[in-house]
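Structure first, then comments.
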Amino acid sequence: MTGRRATRSKNGCSTCRIRKVKCDEVRPLCARCRTSGMSCEWVLSATRPRPKPANSRCPLSSRSSNALVLHKQRILLPRDVFGFSTSQQLANSLHLSDMDREYLAYFPQSSVVRWVGKPWKWVFLRHLYSDFASQSSMVMRMILAVSASELENRRSTDPSLSVTTSIRGNPRAGVAHYGAALRELSGILARCREERKLLSKSMIDEIVTALFFMVTYENLFCSGQNGLAAHLSGVHAFLNACGVFDDPTIELGSNFSHVTKNILLYIMYIGTNFISLGGERQRQSWLTAKDNTIFVNLLDNLYQDTRDTNSLVFQEEYPPEALLDDIAVFQPLEFIHECVKFRYLLLPRIRGVAVQDGDQDIAQLSRTLAQLGKRYNNLVRISAAENPPGRPRELQTIYYSASEYHALQIMLHRLGCANVDKLRPKCGKTCRVLQELVAKLLSVLRKLRAIDPRTLARVCWPLAVAAEVVEDPVELSWVQQTVETSRQLTGSSAVFEFLDTE
């Protein structure tokens, strides 16, 4: 019996089971997939996947990684970026079609790589791309999901991108790869719970890496808070299972690889942005995690332990010019980190949480922020200069840090005004100090846009602050146009979802 009425095999390929047709179970390419010219895939579990919610635009993960167990890990060494021949079969049993290979080739140009900032050749993401993904179908699928969604979104707004290749794209390819990766992660965690199985060192690396790309995918492409909040909660459960919220002095060095710690740091940065931009559900799990000080200490530990991640990953291959690049951006990255920590402590006030001795608390925060400004005054001055000397990447990182700092100044100033004058909870056109701070922030954002508008997703929170406080119609129009330009150039609309610029 053939066709839709045929009895489906429980052990057939994923493609046939999704299509609900009979599979002859011949690996790596079954007869039906060979005849139809479709990609024959064998990565899903034997059970049928649960249907996704009808009101969801993206697959959501409701499972958390709270069963993970720590192990000492080794640093994985990179290989050269793999080249693909037609119908490449990977070590992870994932079969890449011509379309998939095109998406994979796009990844080094993607927003994720630009957001991390390091030149592609010597960034840890290249290690995940060239070595780790070829061994992990789940990680490979998430890389394809990010690349496919971004490239197809860009093609929808820029038709010229569609004529650069003879391969016909699929607007739903990113969602399909994302859904398959979610099912694979869910299966891994379910098996670990059922078998009470301890995760291997490589499996912990794989799961944390997959969660990073899932958090990134939700942050960039999926509307609503549910998916991103679910993944961030999973990471929170993972860290909680590791005991990091119970012991503020816990050392992570012996438990996590440098790459995994670097990934966790970026996830926590995304989580802080999410809370700042209105992630109410996530605020409850992260802000009330035993003690804010523990969260900040964890951020500090991760930051200090990952300053040399790229050089440790690439080891002897890492050239002197890459080390010089690390030195050039060391202080701006440190400034960004300090601003993120300060913003985390400021979040309860920004989100309207009542604080005892509010006036005194705001005064202390103001002194702390002023000291931070003095400590990095050289970077603030460079960001204010017209046409300062320096390489684009170095200046770009300085502008990132200055935009974070000026946005903090604006929010803290407004909170101070609200405490001093209960009848004037928000500063307006009559507040000269606020207008000066807004002018500084907009000046830095304009310089960032001039260097590369595709990187503006990295400063989504300063852009959100600008959109909230700018009252001049011309300046507000510039903020709106800047957000729209970034959306079109990166194909990443969801990252600006909380920006209310209407």
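Under our numbering, think of the first position of the sequence shown as 61, with each following residue one higher. All C-beta atoms in this analysis are idealised placements derived from N, C-alpha and C, irrespective of residue type, glycine included.
Those residues which DSSP pairs with residue i across a bridge
| i | result |
| --- | --- |
| residue 372 | None, per the DSSP bridge assignment. |
Exposed unless 16 or more other CB atoms sit within 10 angstroms - verdict on residue i
| i | result |
| --- | --- |
| residue 550 | buried |
| residue 384 | exposed |
| residue 122 | In this prediction, residue 122 has a pLDDT of 40, which is less than 50 and means its spatial position is unreliable; nothing more can be read from the coordinates. |
| residue 285 | buried |
| residue 80 | exposed |
| residue 469 | buried |
| residue 390 | exposed |
| residue 434 | exposed |
| residue 543 | buried |
| residue 452 | exposed |
| residue 160 | buried |
| residue 71 | exposed |
| residue 534 | exposed |
| residue 171 | buried |
| residue 537 | exposed |
| residue 82 | buried |
| residue 474 | buried |
| residue 510 | exposed |
| residue 392 | buried |
| residue 423 | exposed |
| residue 73 | buried |
| residue 269 | buried |
| residue 400 | buried |
| residue 499 | exposed |
| residue 493 | exposed |
| residue 546 | buried |
| residue 205 | buried |
| residue 320 | buried |
Coil, strand or helix - residue i by DSSP
| i | result |
| --- | --- |
| residue 337 | coil |
| residue 359 | helix |
| residue 549 | helix |
| residue 408 | helix |
| residue 543 | helix |
| residue 195 | coil |
| residue 84 | coil |
| residue 449 | coil |
| residue 243 | helix |
| residue 500 | helix |
| residue 287 | helix |
| residue 459 | helix |
| residue 319 | helix |
| residue 73 | coil |
| residue 268 | helix |
| residue 378 | coil |
| residue 521 | helix |
| residue 168 | helix |
| residue 532 | coil |
| residue 230 | coil |
| residue 178 | coil |
| residue 255 | helix |
| residue 365 | helix |
| residue 102 | coil |
When the options are compared against residue i, the one with the closest alpha-carbon
| i | options | result |
| --- | --- | --- |
| residue 231 | 215, 382, 241 and 239 | 215 |
| residue 525 | 463, 508, 491 and 492 | 463 |
| residue 236 | 495, 471 and 277 | 277 |
| residue 266 | 323, 254 and 234 | 323 |
| residue 75 | 100, 547 and 477 | 100 |
| residue 379 | 84, 179 and 428 | 179 |
| residue 177 | 498, 457, 85 and 471 | 457 |
| residue 497 | 387, 244, 472 and 424 | 472 |
| residue 173 | 538, 533 and 515 | 515 |
| residue 466 | 454, 449, 450 and 432 | 432 |
| residue 249 | 363, 271, 102 and 155 | 271 |
| residue 387 | 359, 454 and 86 | 454 |
Do the segment 362–371 and the segment 440–453 meet, that is, are 3 or more Cβ pairs less than 8 Å apart?
no
Would you check if the segment 193–209 and the segment 237–253 touch, i.e. whether three or more CB-CB distances between them fall below 8 Å?
yes
Stretch-stretch touch, CB-based, cutoff 8 Å, three pairs: the segment 507–520 with the segment 186–193
no
Mind the definition here: the segment 443–453 touches the segment 503–517 only if three or more C-beta pairs lie below 8 Å; say whether that holds.
yes
Contact between the segment 323–331 and the segment 282–296: three or more CB pairs below 8 Å?
yes
Taking one C-beta from the segment 163–177 and one from the segment 203–212 each time, how about it: are there three or more such pairs within less than 8 Å?
yes
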